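Listed in order, the protein sequences are those of chains A and B.
Heads up: the first sequence begins at 807 in the working numbering, then just goes up one per residue.
Heads up: the second sequence begins at 13 in the working numbering, then just goes up one per residue.
By construction, the Cβ of each residue, glycine as well, lies at the ideal position given by its N, Cα and C atoms.
Remember, predicted model here, so these are calculated numbers, not experimental data.
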Amino acid sequence: MAHLQEAAVKKITEICDRYANDKTPLMMILSDIQKEYGYIPLEVQELVSVKTGISVAEIYGVVTFYSFFSLTPKGKYVIGVCLGTACYVKGAQQIVDKFSEIIGIKAGETSADGLFTLDALRCIGACGIAPAVTINGKVYPKLTVDAVPKIVEEYKAMEAQQ
Amino acid sequence: MIKNFDELNQMRDKCASCLSAKFTGKDGQRHVVLCGGTGCLSSRSDEITAEFNRLIAEKGLTDKVTVNQAGCFGFCSQGPFVKIYPEDTLYRLVQVEDVEEIVEKDLIGGEVIDRLLYVDPSTNEKITKQEDINFYKKQVRISLHGCGSINPENIKESLGSGAFQGLARALQMDRAAVIEEVLGSGLRGRGGGGFPTGRKWQFAYAQPEGEKYVVCNGDEGDPGAFMDRSILEGNPLAVIEGMMIAGYAIGAQNGYFYVRAEYPIAVNRLKMAIEQAENLGLLGDNILGTDFSFRVHLRLGAGAFVCGEETALLNSIEGQRGMPRTRPPFPAVKGLWDKPTIVNNVETLACIPFILREGKDAFANYGTESSKGTKVFALGGKINNVGLVEIPMGTTLRELIYDIGGGIPDGKKFKAIQTGGPSGGCLTEEDLDVAIDFDNLVAKGSMMGSGGAIVMDEDNCMVDVAKFYMEFICDESCGKCTPCRVGTKRMLEILTKITDGKATLNDLAQLEELAENIKSNSLCGLGQTAPNPVLSTLKHFRDEYVAHIVDKKCPAHVCKNLMEYRIEQDKCFGCGVCAKACPTGAFVKTDYVAPGKRLPAYTIDQSKCVKCGMCIASCKFKAIVKK
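Encoded structure:
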């Protein structure tokens, strides 16, 4: 826990206290931490363990089970390509492949510069606009392979401006 | 606060007349209603809403026109939608740029804008009203009641359309009689299992009094199915009311919603609905002046498909890994925190208020002998009218695909419809006249599942589709039991061998043997049904598997290792656009000049081709084909 900054310790403690009255709060605590920091490293799991009395082994088991929880930081822009059936039959795999080719990472990985994470998502329920891609929550409907390079360029340009 | 039945009725009458004034124009106002489902919001319907608000304020129309978002209209491929009351004009594929014209011409000028109307593809006729569109004509809205018409963020519109009337009737009945009513309606679980809902309730009712729970399964994971999301987005109170009726019937005081974290809009609207119901005293202690007290809690999933399995879901609420439990004991006996629990799906619970409000016969009037009522299907894939449809059980697949779905786009040939997601199977041309119900679909080798219906055309490779589902299951298998954890991995390996052109017929035999083993030995429904997509595609499309294995060809030209791109040289103008588009420089100029062309044709160096498909998209003359 030595690595955690004071502010983080305070925030995580506050998150744990939020659910003090709930019977089995672990999922909710982890969801909030994931949302706040984008990942749940071991040091944080240890702190949650101290605050809740749940063993680190159990917490680690839960963190690694669910795909929403991550042990490592995600990229600044998280690209999620929906691979639900409706998107798949309309060519979503080729879209993942294209992102992967351009950015140089496989699905599930984060680029070395920390800019992009590429995720293959399970159905996001937007089948009417298949194939669908989300980038930090913004949805790109009916995406084509040809449109992929431009989108990546836009984000890179945005980054260069900042 | 609504303290008793009389006050509820007064409130309903008041809200119903407000609602009808809105729809009929008696309030002297115009009302703009937009689709606020996930599909339309992704197509910028919130920006369209903002633009309406801006222009209406600018033109000084704020006291004459209201703007609000409703739930999903269902016809996703034509979204975003804008509906204008009281004329009931429906505009489709609306863009932000169209808003000014709608305000000027329609809201101010009273003129219908032709170019934004839906055009019937078969008659080319422009249609002004939603109910006249073929997509909606055969639909009956029971669980989608209110979706796309009422404002889901305003409890008064729900109350005006009958919310809590079902609960009010239930509270004046004996608890056992409520269960009888649900049993009598013939309602079966809409999440996939098809187990009679009333029977589930009976089991939990029969347990000794004490702490009991109702859990709503909103972990809609089947890829291609989005009805639960739309119901929660469009009319969350209906699901809450269904849960409360269940709670009253079995003697529970607490209900838990378990909703996918991937559905932020649904979660928000649900939160809002819970809060508004609490503020009116419709959730909490002594509801409507009776002894019945009920509280609703919300839990979010974290991206694990297996949590849709009811015992895995319970483990997840308990803060553990979402792994299924061995049954028996069933949740009705020992469920959440070891207390008697019923787990019902969102769509199932959304049917309950109707059954109590209108009576069991009103529900049982629809459907077939063994499957009563209606079912929501999410039509997707290669079909013209992508969207959400609620049809009476017993409707045929042909009606669903052609009358409602509008057939297959681009003049392609229908190949199969996949129902039941990763647990289901494919139905083909010969099954099109089957009446859809739980038992008929199973008899034909598929299943109802949660209602995903993905249409495939001649361009889809069925081995590839089977592989897609197997990849999904491999990823999502929780790992608790060996047949599912290891077996699905082995099946995927064999399928990959087949699509790579490296398999033998012996592999096919092994694939089938493995499938049977996994089916009979897995712990939960996920594993037991995992081989279904393979078995069903093998049953209907064995020749495609054999073509991959023996001829080393993918008949649909999907599997990259089994096809190549070729130039039909007589069609080639030698323009060279393909050569510029090719990332690997695989295009080579030949000496051959086709008759009537001026420049020599190209050919493809197969050793350099990576089959990315860029050339096919670039060629204007359609001279490049997949072989």
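With the cut-off set at 9 Å, would you say residue 895 of chain A and residue 468 of chain B are in Cβ contact? For the purposes of this step, residue 895 of chain A is taken as the residue at position 89 of the first sequence. For the purposes of this step, residue 468 of chain B is taken as the residue at position 456 of the second sequence. Closer than 9 Å, so yes.
Residues within the region 928-941 of chain A neighbouring chain B, beta-carbon criterion of under 9 Å: 928, 929, 930, 931, 932, 933, 934, 935, 936, 938, 940
Same chain, Cβ closer than 8 Å to residue 629 of chain B, neighbours up to 5 away in sequence not counted: Position 617 of the second sequence holds residue 629 of chain B. These residues qualify, in order along the chain: 593.
Do the region 121-137 of chain B and the region 90-108 of chain B touch if we need at least three Cβ pairs shorter than 8 Å? yes
Can you tell me the Cα-Cα spacing of residue 16 of chain B and residue 149 of chain B, whole angstroms? Position 4 of the second sequence, counting from 1, holds the residue named residue 16 of chain B. Position 137 of the second sequence, counting from 1, holds the residue named residue 149 of chain B. Straight-line Cα distance between these residues: approximately 39 Å.
Span of the alpha helix (DSSP H) holding residue 590 of chain B? Here residue 590 of chain B refers to the residue found at position 578 of the second sequence. Start and end: 589-593.
Under the three-state DSSP convention, the category residue 505 of chain B falls into: Numbered from 1 along the second sequence, position 493 holds the residue referred to as residue 505 of chain B. Residue 505 of chain B: helix per DSSP, three-state reduction.
Residue range of the alpha helix (DSSP H) that includes residue 842 of chain A: As a position in the first sequence, residue 842 of chain A is number 36, starting the count at 1. Segment 832-843, the alpha helix (DSSP H) holding residue 842 of chain A.
Between residue 307 of chain B and chain A, is there a C-beta pair that is closer than 9 Å? In the second sequence, the residue the question calls residue 307 of chain B occupies position 295. It does not: the Cβ of residue 307 of chain B has no partner Cβ on chain A nearer than 9 Å.
Along the region 456-473 of chain B, what residues have a CB closer than 8 Å to any CB found in chain A? 464, 466, 468, 472
Please go through the same chain and pick out, in chain order, the residues whose beta-carbon is closer than 6 Å to the beta-carbon of residue 94 of chain B, but skip the five residues on each side of it. As a working mapping, residue 94 of chain B is identified with position 82 in the second sequence. Within the same chain, residue 94 of chain B has close Cβ partners 46, 103, 106.
Nearest-angstrom beta carbon gap, residue 88 of chain B and residue 399 of chain B [assumed within contact, 8 Å]: In the second sequence, residue 399 of chain B corresponds to position 387, counting from 1. In the second sequence, residue 88 of chain B corresponds to position 76, counting from 1. With a Cβ gap of about 4 Å, residue 399 of chain B and residue 88 of chain B count as contacting.
Which of helix, strand or coil does DSSP assign to residue 145 of chain B? Within the second sequence, numbered from 1, the residue matching residue 145 of chain B stands at position 133. Correct three-state label for residue 145 of chain B: coil.
What three-state label does DSSP hand residue 809 of chain A in the structure shown? Your numbering for residue 809 of chain A matches position 3 in the first sequence. Note: residue 809 of chain A maps to coil in three-state DSSP.
Considering just the uninterrupted stretch of the beta strand (DSSP E) at residue 79 of chain B, what are its terminal residues? One-based indexing of the second sequence puts residue 79 of chain B at position 67. Unbroken beta strand (DSSP E) run through residue 79 of chain B: 77-82.
With a 10 Å radius around its C-beta and 16 neighbouring C-beta atoms as the bar for buried, classify residue 967 of chain A as buried or exposed. Numbered from its first residue, the first sequence carries residue 967 of chain A at position 161. The residue is exposed, with fewer than 16 neighbouring Cβ atoms inside 10 Å.
Proximal residues to residue 190 of chain B (C-beta, below 6 Å), its chain only, five neighbours per side dropped: Within the second sequence, residue 190 of chain B is the residue found at index 178, counting from 1. Closer than 6 Å at the Cβ level, and outside the excluded window around residue 190 of chain B, lie 182, 261.
Go to residue 101 of chain B, then tell me how far its alpha helix (DSSP H) extends in each direction, as first and last residue. Counted from its first residue, the second sequence places residue 101 of chain B at position 89. From DSSP, residue 101 of chain B is part of no alpha helix (DSSP H) but of the beta strand (DSSP E) over 101-103.
Quick one: Cα of residue 637 of chain B to Cα of residue 207 of chain B, how far? By one-based count along the second sequence, residue 637 of chain B stands at place 625. By one-based count along the second sequence, residue 207 of chain B stands at place 195. Taking the straight line joining both Cα atoms gives about 49 Å.
Whose Cβ in chain A lies nearer than 9 Å to the Cβ of residue 314 of chain B? By 1-based counting over the second sequence, the position of residue 314 of chain B is 302. In chain order: 833, 836, 837, 840, 868, 871, 872, 873, 874, 875.
Let me know the beta strand (DSSP E) ranges lying completely inside the region 20-71 of chain B, each 3 residues or longer, listed in chain order. 42-47
So residue 313 of chain B and residue 345 of chain B are supposed to be a Cβ contact under 8 Å. How far apart are they, rounded? Mapped onto the second sequence, residue 313 of chain B falls at position 301. Mapped onto the second sequence, residue 345 of chain B falls at position 333. Actually they are not in contact, since the Cβ atoms of residue 313 of chain B and residue 345 of chain B sit about 25 Å apart, beyond 8 Å.
Name the chain A residues that come within less than 9 Å of residue 398 of chain B, Cβ to Cβ? Counting from 1 along the second sequence, the entry for residue 398 of chain B is found at position 386. Those are 892, 933, 934, 935, 936, listed as they occur along chain A.
Using the Cα positions of residue 9 of chain B and residue 165 of chain B, report the straight-line distance between them to the nearest angstrom. Here chain B comprises residues numbered 13 to 639, so residue 9 of chain B is not present and cannot be evaluated.
Is residue 918 of chain A buried or exposed, if buried means 16 or more other CB atoms sit within 10 Å of its CB? In the first sequence, counting from the first residue as 1, residue 918 of chain A sits at position 112. When all chains shown are included, residue 918 of chain A counts as exposed.
Nearest to residue 215 of chain B (by Cα), restricted to the options B/434, B/258, B/197: To locate residue 215 of chain B, count along the second sequence from 1; it is residue 203. Ranking B/434, B/258, B/197 by Cα distance to residue 215 of chain B puts B/258 first.
State the Cα-Cα distance for the pair residue 80 of chain B and residue 840 of chain A, rounded to the nearest angstrom. Your numbering for residue 80 of chain B matches position 68 in the second sequence. Your numbering for residue 840 of chain A matches position 34 in the first sequence. Roughly 33 Å between the two C-alpha positions.
Any C-beta of chain B sitting closer than 9 Å to the C-beta of residue 780 of chain A? The requested residue 780 of chain A does not occur in the structure, where chain A is confined to residues 807 to 968.
Assuming the contact rule is C-beta atoms closer than 8 Å, residue 171 of chain B and residue 281 of chain B should be a hit. Round their C-beta distance to whole Å, please. Reading the second sequence from its first residue, position 159 is the one you call residue 171 of chain B. Reading the second sequence from its first residue, position 269 is the one you call residue 281 of chain B. No, residue 171 of chain B and residue 281 of chain B are not in contact; Cβ-Cβ is about 16 Å, not under 8 Å.
List the residues of chain B whose Cβ lies closer than 7 Å to the Cβ of residue 945 of chain A, in chain order. Your numbering for residue 945 of chain A matches position 139 in the first sequence. Result: 54.
With 16 as the cutoff for other CB atoms within 10 Å, does residue 603 of chain B come out buried or exposed? Taking the second sequence and counting its residues from 1, one reaches residue 603 of chain B at position 591. Label assigned to residue 603 of chain B: exposed.
Span separating the alpha-carbon of residue 476 of chain B from that of residue 131 of chain B: Residue mapping note: residue 476 of chain B aligns to position 464 of the second sequence, counting from 1. Residue mapping note: residue 131 of chain B aligns to position 119 of the second sequence, counting from 1. Going by the C-alpha atoms only, they are around 35 Å apart.
Is residue 965 of chain A closer than 9 Å to residue 924 of chain A when the C-beta atoms are compared? The residue labelled residue 924 of chain A in the question sits at position 118 within the first sequence. The residue labelled residue 965 of chain A in the question sits at position 159 within the first sequence. The answer is no: Cβ separation not under 9 Å.
Report yes if the CB atom of residue 197 of chain B is closer than 9 Å to the CB atom of residue 367 of chain B, and no otherwise. For this step, residue 197 of chain B is matched to residue 185 along the second sequence. For this step, residue 367 of chain B is matched to residue 355 along the second sequence. Yes, they are a contact pair.
In this structure, how does DSSP classify residue 430 of chain B when only helix, strand and coil are distinguished? Position 418 of the second sequence, counted from the start, is the residue given in the question as residue 430 of chain B. The answer is strand: DSSP assigns residue 430 of chain B an E or B state.
Proximity below 9 Å, CB of residue 459 of chain B to CB of residue 436 of chain B: As a first step, residue 459 of chain B must be located in the second sequence, where it is residue number 447. As a first step, residue 436 of chain B must be located in the second sequence, where it is residue number 424. Yes, they are a contact pair.
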